[in-house]
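J.:
There are 2 protein chains.
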Amino acid sequence: MFIETCIAPVNIALIKYWGKRDEELILPINDSISMTLSTDEMCAKTTAAACSTFKEHRMWLNGEEIPFEENSRIMRCLKALQCLALAKGAPTKFPLEWKLHLTSRNNFPTAAGLASSAAGYACLVYTLACLYGVADEELTAIARLGSGSACRSLHGGFVRWHMGHLADGSDSLALPIASASHWPNMNVLILVVSDSRKKTSSTKGMQRTVETSDLIHYRAKHCVPSRIKTISEAIRQRDFEAFAKITMQDSNQFHATALDTYPPCVYMNDISHSIAAFVHAYNAAIGSTRVAYTFDAGPNACLYVLQEHVSSLLPAIQISFPNDSADNVEYYKGIASDQLTQSAAEATDISLNGNTSLPIHEHNLLKYIIHTKIGAGPKRLTGKEEHLINTTTGHPY
Amino acid sequence: MFIETCIAPVNIALIKYWGKRDEELILPINDSISMTLSTDEMCAKTTAAACSTFKEHRMWLNGEEIPFEENSRIMRCLKALQCLALAKGAPTKFPLEWKLHLTSRNNFPTAAGLASSAAGYACLVYTLACLYGVADEELTAIARLGSGSACRSLHGGFVRWHMGHLADGSDSLALPIASASHWPNMNVLILVVSDSRKKTSSTKGMQRTVETSDLIHYRAKHCVPSRIKTISEAIRQRDFEAFAKITMQDSNQFHATALDTYPPCVYMNDISHSIAAFVHAYNAAIGSTRVAYTFDAGPNACLYVLQEHVSSLLPAIQISFPNDSADNVEYYKGIASDQLTQSAAEATDISLNGNTSLPIHEHNLLKYIIHTKIGAGPKRLTGKEEHLINTTTGHPY
Numbered sequence: 001m002f003i004e005t006c007i008a009p010v011n012i013a014l015i016k017y018w019g020k021r022d023e024e025l026i027l028p029i030n031d032s033i034s035m036t037l038s039t040d041e042m043c044a045k046t047t048a049a050a051c052s053t054f055k056e057h058r059m060w061l062n063g064e065e066i067p068f069e070e071n072s073r074i075m076r077c078l079k080a081l082q083c084l085a086l087a088k089g090a091p092t093k094f095p096l097e098w099k100l101h102l103t104s105r106n107n108f109p110t111a112a113g114l115a116s117s118a119a120g121y122a123c124l125v126y127t128l129a130c131l132y133g134v135a136d137e138e139l140t141a142i143a144r145l146g147s148g149s150a151c152r153s154l155h156g157g158f159v160r161w162h163m164g165h166l167a168d169g170s171d172s173l174a175l176p177i178a179s180a181s182h183w184p185n186m187n188v189l190i191l192v193v194s195d196s197r198k199k200t201s202s203t204k205g206m207q208r209t210v211e212t213s214d215l216i217h218y219r220a221k222h223c224v225p226s227r228i229k230t231i232s233e234a235i236r237q238r239d240f241e242a243f244a245k246i247t248m249q250d251s252n253q254f255h256a257t258a259l260d261t262y263p264p265c266v267y268m269n270d271i272s273h274s275i276a277a278f279v280h281a282y283n284a285a286i287g288s289t290r291v292a293y294t295f296d297a298g299p300n301a302c303l304y305v306l307q308e309h310v311s312s313l314l315p316a317i318q319i320s321f322p323n324d325s326a327d328n329v330e331y332y333k334g335i336a337s338d339q340l341t342q343s344a345a346e347a348t349d350i351s352l353n354g355n356t357s358l359p360i361h362e363h364n365l366l367k368y369i370i371h372t373k374i375g376a377g378p379k380r381l382t383g384k385e386e387h388l389i390n391t392t393t394g395h396p397y
Numbered sequence: 001m002f003i004e005t006c007i008a009p010v011n012i013a014l015i016k017y018w019g020k021r022d023e024e025l026i027l028p029i030n031d032s033i034s035m036t037l038s039t040d041e042m043c044a045k046t047t048a049a050a051c052s053t054f055k056e057h058r059m060w061l062n063g064e065e066i067p068f069e070e071n072s073r074i075m076r077c078l079k080a081l082q083c084l085a086l087a088k089g090a091p092t093k094f095p096l097e098w099k100l101h102l103t104s105r106n107n108f109p110t111a112a113g114l115a116s117s118a119a120g121y122a123c124l125v126y127t128l129a130c131l132y133g134v135a136d137e138e139l140t141a142i143a144r145l146g147s148g149s150a151c152r153s154l155h156g157g158f159v160r161w162h163m164g165h166l167a168d169g170s171d172s173l174a175l176p177i178a179s180a181s182h183w184p185n186m187n188v189l190i191l192v193v194s195d196s197r198k199k200t201s202s203t204k205g206m207q208r209t210v211e212t213s214d215l216i217h218y219r220a221k222h223c224v225p226s227r228i229k230t231i232s233e234a235i236r237q238r239d240f241e242a243f244a245k246i247t248m249q250d251s252n253q254f255h256a257t258a259l260d261t262y263p264p265c266v267y268m269n270d271i272s273h274s275i276a277a278f279v280h281a282y283n284a285a286i287g288s289t290r291v292a293y294t295f296d297a298g299p300n301a302c303l304y305v306l307q308e309h310v311s312s313l314l315p316a317i318q319i320s321f322p323n324d325s326a327d328n329v330e331y332y333k334g335i336a337s338d339q340l341t342q343s344a345a346e347a348t349d350i351s352l353n354g355n356t357s358l359p360i361h362e363h364n365l366l367k368y369i370i371h372t373k374i375g376a377g378p379k380r381l382t383g384k385e386e387h388l389i390n391t392t393t394g395h396p397y
């Protein structure tokens, strides 16, 4: 049996991907830019095993077996990797005909509504690439076939997915802009909010937007290109204020085009909008842009803040969004959970002095907070204890 | 003492006005189209009195005295009417120097968040025009100086506010498209929803949108003109399906541009979006577009539905948005309050059969419902008992 285990990160778009020009090849209508999050707090982990005795392709996701050969996106990724292995002409360690067993897990709750497919497909493709022994140059285009934004999870730091212009999608690739070490103090707080509404899936939502919204095409052609330039320059210069403004504007514009869809796609809820309003009020109270929000196709907020400002932001969040389990480790996950109460005094100052006071909301609007930061790309894990598949039985542990 | 009393209707925009090209003259960046609502259910009522003994201009709004000479919008309307009277050369019944007492009341709760300024300024201008004895041809341009959308309340039925192109705004006028009798069975249900959030005022909101949104300018130049054509034709042909679709699309696009503003303007809340989703689900269940929604700069829904379909729509609303005081006359206001329970059986059929079932929400998300319909423009009331000002004292009753 040949076996490989890898982890891959989550990425959060700063300039949003919304709308495909080719549904089959998953080619976007505009470039997008993302930041990769540290795998310490959130990642997908995949083990891929190949064995001459496996009768069929099988896959387990978060402990549940799921259809493999019927899943066209997984099969597309697999076929593309096998083609790549053939094209490279490099001898693979085992015949390509051998069946595979795959196991994948996210170390963060999928119920959180956090985009797990990007990390999942990036991890799948990266792990299979290790198994087949193919270099990682073309991998982003293959991950893209699984889930568009997965291509951005194959790099660390700040990543640009170039939409490309060729019909076959071969130039629709994700390339790094700057590594995690370029802006190492970039931290992220994910505010997971309570929500019960049924959402339109991203795939269906963006398809409907492209078909029915007048604004999305103007956005893709005229707004995004200049935003890509502006935020790339802000990242290069580590200009947080410029970075923050364009990030918030682009999140809002993405949700605006979703709303311009017919029937409309609504992903933010009242709590999401309250968080956005909190960020504007907090920045106004501080007198500079210290925090930025972005929202994907769901209600949870992703807040960008430099590490040195986290300890004054957290108590302000607790003032504005009081939570009865704020002292609970289950509420505050990730980096440095002791910071929550550390500088409550400073935050109280912010809310009490100054002309802009923070809005105070009812209790428990936030389910929990994940504190994480900028991080690197996928990693191959070499320790035998890392495998999710039992090398004797070929089945998941 | 010379005294006049008039009423003026509310109008609800179908193609939205959002954004001025001239803040002072209140000149819009695009045409808009509205439907005027019957004054039987909702109207502003204004009495204007002129007397040689009045020492100063005074005004009372809903019983409270408000500053008059300090209110630049009211003064602009007054000055423009006096200029018109002078320009006409017609002898006025009294010297233009005489001071005025004005009283205005809305017969609908202002707390409802329903745009009352349009009806209010339309009524003010119409009443003053009666008092000064000037013809009503140029009145829409004068009402516009008070509140942009007020110009549309000077006509009944369907009204188009032409943005105009002249710098002095003299061609920015509201003109009728079709009278109320053209589509007499056009009914409206206003769903007033619970809300506590502080909203950005329309004036400030649209100013910020024009300054910060990229999408608003594309909307004004490229989307609105074709929508104006499409809905005008739908109105002409009494094509409810076409009318409904473009109305919903334009409401969504207006809120999209508000969200594309920085910081964003958010007027719809979760309940508003649930109502929009209900309308789409209801139409899907029926198999044709029977209901349309539109939302102004607030969370309340305005539903368009033909009179013959009201009795099956109302019970469906009650199923989807159950209200404990549904039998209360305070909950269901306006036309034919006995229809609410009339055909519950039919609505139940809709929700139970078919593949699309209606979403069922928690109780009491709606504060109340106003049932009204298409209506005529402002009216001069001649009965002495109509006056809101005591002709002996010169003060409001």
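Taken in sequence, the protein lines are chains E and B.
By the UniProt record's numbering, the letter at position 147 of the first sequence is numbered 147, and the numbering carries on one by one without gaps.
By the UniProt record's numbering, the letter at position 86 of the second sequence is numbered 86, and the numbering carries on one by one without gaps.
Note that beta-carbon positions come from the ideal geometry of N, C-alpha and C, so glycine has one too.
Going by other Cβ atoms of all chains shown within 10 Å of its Cβ, with 16 needed for buried, is residue 64/B buried or exposed?
T.: Residue 64/B is exposed by the Cβ-count criterion.
J.: Could one say the Cβ of residue 248/B lies closer than 9 Å to chain E's Cβ atoms, at least one of them?
T.: Chain E, which has a Cβ nearer than 9 Å to the Cβ of residue 248/B, makes this yes.
J.: Counting only the same chain and skipping the five closest in sequence on each side, list residues whose C-beta sits under 6 Å from that of residue 103/B.
T.: Result list for residue 103/B: 47, 60, 388, 389 and 396, in chain order.
J.: Below 8 Å on the Cβ atoms is my contact criterion, and I expect residue 172/E with residue 122/E to pass it. Report the Cβ-Cβ distance as a whole number of Å.
T.: Rounded, the Cβ-Cβ distance is 15 Å, inconsistent with contact.
J.: Whole angstroms is fine: what's the gap from residue 3/B's alpha carbon to residue 285/B's?
T.: Roughly 54 Å between the two C-alpha positions.
J.: Taking all protein chains shown into account, do 16 or more other C-beta atoms lie within 10 angstroms of the C-beta of residue 214/B, making it buried, or fewer, making it exposed?
T.: So residue 214/B counts as buried.
J.: Skipping 5 residues on each side, what residues in its chain have a beta carbon closer than 8 Å to that of residue 51/B?
T.: Correct list, in chain order: 1, 2, 98, 99, 101 and 394.
J.: If residue 296/E sits next to residue 8/E, beta carbons under 8 Å apart, how far is it from one beta carbon to the other, in whole angstroms?
T.: Not confirmed; about 17 Å, so no contact.
J.: Confirm, please, whether the CB-CB distance from residue 384/E to residue 392/E is below 9 Å.
T.: Their beta carbons are not under 9 Å apart, which means residue 392/E does not touch residue 384/E by this criterion.
J.: Report the option in 156/B, 91/B and 88/B whose CA atom is closest to the CA atom of residue 119/B.
T.: Answer by Cα proximity: 156/B.
J.: Taking its Cβ as the centre, do 16 or more other Cβ atoms sit within 10 Å of residue 313/B, making it buried, or is it exposed?
T.: Buried.
J.: Nearest-angstrom Cα distance between residue 159/B and residue 369/B?
T.: Going by the C-alpha atoms only, they are around 25 Å apart.
J.: Can you list the residues of chain B that residue 257/E reaches, using a CB-CB cut of under 9 Å?
T.: Simply 215, 256 and 260.
J.: Going along the chain, which residues of the region 261 to 272 of chain B sit with their C-beta nearer than 8 Å to a C-beta in chain E?
T.: Those residues of the region 261 to 272 of chain B that come within reach of chain E (Cβ to Cβ, closer than 8 Å) are 261, 262, 263, 264, 266, 269 and 270.
J.: Pairs of beta-carbons, one from the region 264 to 274 of chain E and one from the region 26 to 36 of chain E, closer than 8 Å: are there three or more?
T.: Too few Cβ pairs lie closer than 8 Å, so no.
J.: According to DSSP, is residue 265/B helix, strand or coil?
T.: Coil at residue 265/B, not helix or strand.
J.: Please tell me whether residue 276/B has its Cβ less than 9 Å away from any Cβ of chain E.
T.: So, interface residue.
J.: Quick one: what's got a C-beta closer than 6 Å to residue 10/B's C-beta in the same chain, skipping five residues either side?
T.: These residues qualify, in order along the chain: 37, 42 and 119.
J.: My output table needs one value for residue 377/E: the three-state DSSP class, helix, strand or coil.
T.: Residue state, collapsed to three classes: coil.
J.: Please confirm if residue 223/B has its CB atom under 9 Å from at least one CB of chain E.
T.: It does; some Cβ of chain E falls within 9 Å.
J.: What's the C-alpha gap between residue 134/B and residue 88/B?
T.: Cα to Cα, residue 134/B sits roughly 8 Å from residue 88/B.
J.: From 162/E, 105/E and 305/E, pick the residue whose C-alpha is nearest to that of residue 140/E; which is it?
T.: Taking only the C-alpha atoms, the option nearest residue 140/E is 162/E.
J.: Any C-beta of chain E sitting closer than 9 Å to the C-beta of residue 355/B?
T.: Because residue 355/B carries a pLDDT of 45, less than 50, the predicted location of this residue cannot be relied on, and the following value inherits that uncertainty. Not closer than 9 Å to any Cβ of chain E, the Cβ of residue 355/B fails to qualify, so no.
J.: With distances taken between CB atoms, is the gap from residue 246/B to residue 230/B smaller than 9 Å?
T.: It is a contact, given that the beta carbons lie within the stated cut-off.
J.: Under the assumption that residue 243/B contacts residue 292/B (Cβ atoms under 8 Å), give the Cβ distance between them as a whole number of angstroms.
T.: Their Cβ separation, rounded to whole angstroms, is 7 Å, which keeps residue 243/B and residue 292/B in contact under 8 Å.
J.: At 4 residues or longer, and completely inside the region 297 to 323 of chain E: list those alpha helix (DSSP H) runs for me, N to C.
T.: Counting only runs of 4 or more, we get 307 to 320.
J.: Going along chain E, which residues have a C-beta under 8 Å from residue 252/B?
T.: Those within 8 Å of residue 252/B in chain E are 259, 260, 261, 262 and 264.
J.: Assign residue 472/B to one of three DSSP states: helix, strand, or coil.
T.: The first residue shown for chain B is 1 and the last is 397, placing residue 472/B beyond what the model contains.
J.: Return the Cβ separation of residue 374/B and residue 180/B in integer angstroms, given the expectation that the two are a contact with Cβ distance under 8 Å.
T.: With 8 Å as the limit, residue 374/B and residue 180/B qualify as a contact, their Cβ atoms being about 5 Å apart.
J.: Can you tell me the Cα-Cα spacing of residue 355/E and residue 279/E, whole angstroms?
T.: Because the pLDDT of residue 355/E is 45, which lies under 50, any placement of that residue in the model is unreliable, and the question is left without a value.
J.: Opposite residue 45/B in the DSSP bridges: which residues?
T.: DSSP, once it has assigned bridges, lists 7/B and 105/B as partnering residue 45/B.
J.: Taking the straight line between their C-alpha atoms, what separation do you get for residue 91/B and residue 137/B?
T.: Roughly 18 Å separates the two Cα atoms.
J.: Does the Cβ-Cβ distance between residue 170/B and residue 147/B come in under 9 Å?
T.: Cβ distance not < 9 Å, so residue 170/B and residue 147/B don't count as in contact.
J.: Tell me the DSSP secondary structure of residue 198/E in three-state form.
T.: Three-state DSSP puts residue 198/E in coil, outside helix and strand.
J.: Return no unless some Cβ of chain B is closer than 9 Å to the Cβ of residue 245/E.
T.: Answer yes: the Cβ-Cβ gap between residue 245/E and chain B drops below 9 Å somewhere.
J.: Flag this pair as yes or no: are the beta carbons of residue 81/E and residue 128/E separated by less than 9 Å?
T.: Their beta carbons are under 9 Å apart, which means residue 81/E touches residue 128/E by this criterion.
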